[in-house]
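Residue numbers (this note's numbering), protein chains in the order written: chain X, 1 to 277; chain A, 1001 to 1277; chain V, 2001 to 2277; chain L, 3001 to 3277.
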């Protein structure tokens, strides 16, 4: 399915600032970039840093003081893999691919070590597999209020568990935390999302099940088929769309995601994967 | 300098357990393994997982119930790089190698976002470079009591900052946190240490300065020249010598590190690097 | 009902220590002390400090180095008030006695401000009155494991909510926290408890309902009729049986609570009050 | 010294609300109310609740929906006690008045148990007495930024210690915490303050030294002689100028404190007491 993306970020830079930018979709077999253009106005070089093909596409911008517009335009064809949820099992630790293991460990915003007893009490008895992760999403959706302003950049899953309010990033962190506590590798996904209102960067997560990473969205705010993946990581700490060192302020942001002929699409109860790794 | 290592870990496994083991020294240009042998008795396969040559050498063991001895014996030749501390500068974010960037972000045990104001107040005025990281080590050494039992597996740098007591792992976490808050990439290092009393696995840290990772030990409990690196990572979450999923108890541990002719060696005020990356 | 109490505490005092002791039952209209004797061996004065008749009976002991036995022996006649739980209502803030208001505020171990959203989500829809507090006790009993060693002197209700394990003091703190978050005054009660195994000091709580303080025990470890109240307070911070300033170690403790003819007695679903205030 | 106070608080009440108001100065031998008038417009009864003469003057207002102005006007004559700081000693726990003991315990916002090691390391060696509390104030003033918006109603001393930023309430909480950790009773004081800019309710603290409570202000934002005490308590949890249960919004606030002939007045290095208890 082809999506047309159009993003504009405006920054006022007050002192020399280095920015690590990460707003371009990942280019993978399941997400083909038909066109993709990043522009910084006025021009500054935007060196690409990518660990390997298909990985997060980081750009490093060295910005003297001034006003900047960063715009991205692209057309992305996604080819999600779909499966029967009942047939998607959890993978014993003994059989997990090595690359999935780091996503079992606690991270800054996903302190799975501190919520292990709860996770096991609440989800330990649920049938293992895709439906257990769905049960986690349902729990988070039911027990946490989606409330803009209830959390900030320091809010972690441990806070959200007690506070019971947050935004998409908090929903993803808490879901990831429960997965890891149960021995299911889970990672944070920054994404564009079709049909999300208001349109914004979105945060969802992936759990490693069967033979791949399946995607989940505990907020139920966008169809899974309408996601375009930008970055994967341990949590929001390493997947921010912009991290800057210096002194800068965002003065504007607009995001548009359109599709000609979006056929509806799967929600949380279906098994959808956007990743073949 | 050649070190002879001899480690034995005894486990009682009560239910089927998968163990991720990480006790073999890294093999790098600066740390040559003359001999290296891991044995599990009774025998079970110990599949090696390594992201790339020179990376942490993880072994995955699938252990049925029973009693096991895991022993490692090796001879390692280390070739530390030494520099004049005064000549080792910090690197602007704009010029850092891409691979160092992930070590600027907060992690499970190193919440640099939460201690940024303190770090900048306390160390912001110190001359930049190797000596600033030394100042951090000195601060941690002076303000935190080395006290076995004061911390546990959930203790983070944020806790240690208030509690003011901990062990080597806590000293490393707090030092790393301050470095990251100042824009200096820093990572956790699990190591064997010559002349450490009592002999145990040690935790130190590396900061990226000049053109490489320099090693630091805020505990001052072992000479920097006597370190043999086992693993690097964000923090203790991804560098444990053993992580197990199942039900197992460690029933014994012994570690020996010997050297024929150890010439004394550098302590924290010197600039020593064990890593060429 | 008459209870015979016999308590012995042994301390080794290593440096001059001032101890605030609080192990004698409160003397109220509903709890008559037939006999009551505190002894310190070797003898030191034990000045009584009591805010008013019926209040906690604090003793201050100034102890030079040495070994001490503190023993208490008493016979207490309790006259609990019983009511039909369905007839015990909550009291609007507008009508609460002034003396109950302080028990609406958050305290060291009962951070009701931080768990308010959860409390309202979980218990907001439960019928108001004695049964709502019973619902709180049932929730705590069901969702928290009674596990010795899972908590320590710094553990608060906020921790217990996430950790999901604790002892009687933690159960009381969490229950109190939920009550306060709902606008129900609640206070901590240190008590002796008949038929508790193993015999120890017990911690329960009281909620102000109808025209008095009703007692609750979320641990279900002793009958409510078998409680002898020692101290009430905001939380464990001001109701410890012994607080000491100096250097001392408890070397032994024994507690015995006996009754000639205990008729069974009420558990958590009944409305029992040990306090006429 | 006579001060003229004029306070106006405007509230919009959206649903029936019970308010506990505490804005009238305490009437004590050292603080004589020449005139004192509280008005609520439109009129509602404002029942006075006071534990004892001289204690905090709480008013309970039961407010139907509507708009209210609460105004207070008073003339207060203060007679602060002054002493030579060098002659004001700390009091051994063994000799403290019983009424001061509760202010040794940790409370919601002053977790003295969690910062004890730091307090003892930092202030343990300072000469005991008034100057040690002054040293605490100096430390807080020097190490914490006064920064509006850096903290909120849930921020505690434990947070402020790490965050290193806050407002007067946070400065008081942290100072109190250190005092208690050192065995010095300390309590929170809500006050009017002459010559404070911008004019607002102020928060300071008192430590029990010598034979009375001496007042301290770690923010250095108003002269100690210009303080008019409104409430004392464990911390901000029980000394708020208004606590409300229901649904209300403050829509306006003005405070004026004037004096005909204020002679300058003592700052933090002097020993001033506003309390004879």
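For every residue, glycine included, the Cβ atom is placed at its ideal position computed from N, Cα and C.
- It is roughly 22 Å from the alpha-carbon of residue 141(X) to the alpha-carbon of residue 103(X).
- Within the region 2221 to 2250 of chain V, the residues whose Cβ lies closer than 7 Å to any Cβ of chain L are, in chain order, 2237, 2238 and 2245.
- Under the 10 Å beta carbon count, residue 2225(V) is surrounded by 16 or more other beta carbons and is classified as buried.
- Relative to residue 2243(V), the option among 3094(L), 3070(L) and 3085(L) whose CA is nearest is 3094(L).
- Of 3208(L), 3194(L), 3077(L) and 3073(L), the smallest CA-CA separation from residue 3188(L) is found for 3208(L).
- In this structure, the straight-line span from the alpha carbon of residue 3130(L) to that of residue 3096(L) is close to 15 Å.
- Spanning the alpha carbons of residue 2238(V) and residue 20(X) requires a straight line of approximately 51 Å.
- Among the CB atoms of chain L, none fall inside 8 Å of the CB of residue 2174(V).
- When secondary structure is reduced to three states using DSSP, residue 3084(L) falls in the coil class, being assigned neither helix nor strand.
- The beta carbon of residue 2112(V) sits no closer than 8 Å to any beta carbon of chain X.
- At a Cβ-Cβ threshold of 8 Å, residue 191(X) and residue 230(X) count as neighbours.
- Two segments are said to touch when three or more pairs of C-beta atoms, one from each, lie closer than 8 Å; by this definition the region 1075 to 1088 of chain A touches the region 1025 to 1039 of chain A.
- By the rule that beta-carbons nearer than 8 Å mark a contact, residue 3184(L) does not touch chain V.
- Residue contact check for residue 18(X) against chain A: a CB pair falls below 8 Å.
- Within the region 3094 to 3118 of chain L, the residues whose Cβ lies closer than 7 Å to some Cβ of chain A are 3114, 3115, 3117 and 3118, listed in chain order.
- Here DSSP, grouped into helix, strand and coil, assigns residue 1112(A) to coil.
- If you check each beta-carbon in the region 3154 to 3173 of chain L against every beta-carbon of chain A, the ones closer than 7 Å belong to 3158, 3161, 3162, 3163, 3164 and 3165.
- Beta-bridge pairing by DSSP links residue 2002(V) to 2077(V).
- Just measuring C-alpha positions, the residue of 1143(A), 1137(A), 1119(A) and 1164(A) sitting nearest residue 3144(L) is 1119(A).
- For residue 2201(V), the secondary structure class from DSSP, reduced to helix, strand or coil, is coil.
- Short of 8 Å from the beta carbon of residue 1067(A), and not among the five residues preceding or following it, lie these beta carbons of its own chain, in chain order: 1010, 1011, 1012, 1013 and 1251.
- Closer than 8 Å to the CB of residue 3180(L) there is not a single CB belonging to chain A.
- Residues of chain A with a Cβ closer than 9 Å to the Cβ of residue 274(X) do not exist, since the nearest Cβ in that chain sits about 23 Å away.
- For residue 2091(V), no beta strand (DSSP E) run applies, since DSSP gives it neither H nor E.
- Here residue 112(X) is buried, its C-beta having at least 16 other C-beta atoms within 10 Å.
- Bounds of the alpha helix (DSSP H) holding residue 3163(L) are 3157 to 3163.
- Here residue 2047(V) is actually not in contact with residue 2110(V); their C-beta atoms are around 30 Å apart, not less than 8 Å.
- As DSSP reads the structure, residue 3215(L) sits in a beta bridge with 3206(L).
- Non-local beta-carbon contacts of residue 2039(V) in its own chain, meaning distances under 7 Å to residues more than five positions away in sequence, involve 2071 in chain order.
- Residues of chain A whose Cβ lies closer than 7 Å to the Cβ of residue 62(X) are, in chain order, 1094.
- Distance check between residue 2272(V) and each of 2233(V), 2223(V) and 2253(V) places 2223(V) closest, using alpha-carbon atoms only.
- Assignment of beta-bridge partners to residue 3166(L) by DSSP yields 3146(L).
- According to the DSSP secondary-structure assignment, residue 51(X) is paired through a beta bridge with no residue.
- Residue 2218(V) and residue 2169(V) do not touch by the CB rule: their CB atoms are close to 11 Å apart, not below 8 Å.
- Taking the CA atoms as reference points, residue 1151(A) sits about 43 Å from residue 87(X).
- Residue 2258(V) sits exposed, since fewer than 16 C-beta atoms from the chains shown fall within 10 Å of its C-beta.
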